[in-house]
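Numbering (the working numbering), first residue to last: 21 to 253. Virtual Cβ for every residue (Gly too), placed ideally from N, Cα, C. Let me begin by presenting the structure, written as structure tokens, before commenting on it.
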């Protein structure tokens with residue numbers, strides 16, 4: 021992080037005189053706190069979620085001071101903040117039901133001839149699949165996988181996945197991750213890129229590893245284990 025002195029300042033103690041000097045002390049205080057939080061000395065805070073909340077609160081106070089005083093709090097100090105990149109790993113199970121009363125995915129387009137596996141090419145489904153903490157159907161709900169997947173190969177069982185993982189539990193409640201990639205469903209482990217996110221995981225990037233836990237073709241039920249690693253700001 022860089023701190024630049026303003027054109028009328030030679031050190032941090034010179035803020036002008038009289039009422040101007042008093043008015044600038046709120047800016048100085050907020051900026052000093054932000055400098056401390058974003059500086060290397062407090063990097064250990066970056067591992068805690070309340071660190072981000074404190075940082076957001078300080079930014080809000082700076083904006084509020086600007087609105088009340090009618091001046092820019094970034095003058096006479098101009099501070100360039102260093103973004104804090106966080107890394108996290110998520111583990112959950114994808115519970116898909118493609119037939120029966122409680123379907124979580126349904127076909128929206130199918131080829132005319134589906135007598136052979138290769139002829140599934142082009143078949144497209146929409147999904148609103150439950151994400152649970154464990155493989156059991158009664159385990160805790162942590163989110164929903166919503167989007168579209170389609171058979172994208174004329175030769176193998178390969179899906180194009182366009183999905184959003186919308187979380188409803190813990191610190192990620194209200195946040196989401198977006199996955200766009202190739203899913204060769206009969207491979208033991210499939211890797212797909214995470215291309216974005218929202219909420220807590222805004223600007224996320226990373227990868228998701230999918231592994232089939234169980235698959236009942238007759239019942240149309242598939243349980244897929246997901247291990248997701250992402251970095252975000």
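- Using a Cβ distance threshold of 8 Å, residue 141 and residue 177 do not count as a contacting pair.
- Per DSSP, reduced to three states, the secondary structure at residue 205 is coil, with no helix or strand assignment.
- Membership of residue 175 in any beta strand (DSSP E) is not indicated, and neither H nor E is assigned to it by DSSP.
- For the pair of segments examined, the segment 181-200 was found to touch the segment 156-164: the number of CB pairs separated by less than 8 Å reaches three.
- Judged by pairs of C-beta atoms under 8 Å, the segment 235-243 does not touch the segment 216-225, as fewer than three such pairs exist.
- Non-local C-beta neighbours of residue 167 in its own chain, meaning closer than 7 Å and more than five positions away in sequence, comprise 147, 182, 183, 184, ordered along the chain.
- When DSSP states are grouped into helix, strand and coil, residue 112 belongs to the strand group.
- When C-alpha distances from residue 108 are compared across 228, 237, 132, the shortest belongs to 228.
- Note on geometry: alpha-carbon atoms of residue 127 and residue 249 lie some 30 Å from one another.
- Spanning the alpha carbons of residue 153 and residue 115 requires a straight line of approximately 10 Å.
- The beta-carbon separation of residue 212 and residue 186, rounded to 17 Å, does not stay under the 8 Å limit for a contact.
- Secondary structure at residue 217: strand, using DSSP grouped into helix, strand and coil.
- The DSSP-derived three-state label of residue 140 is helix.
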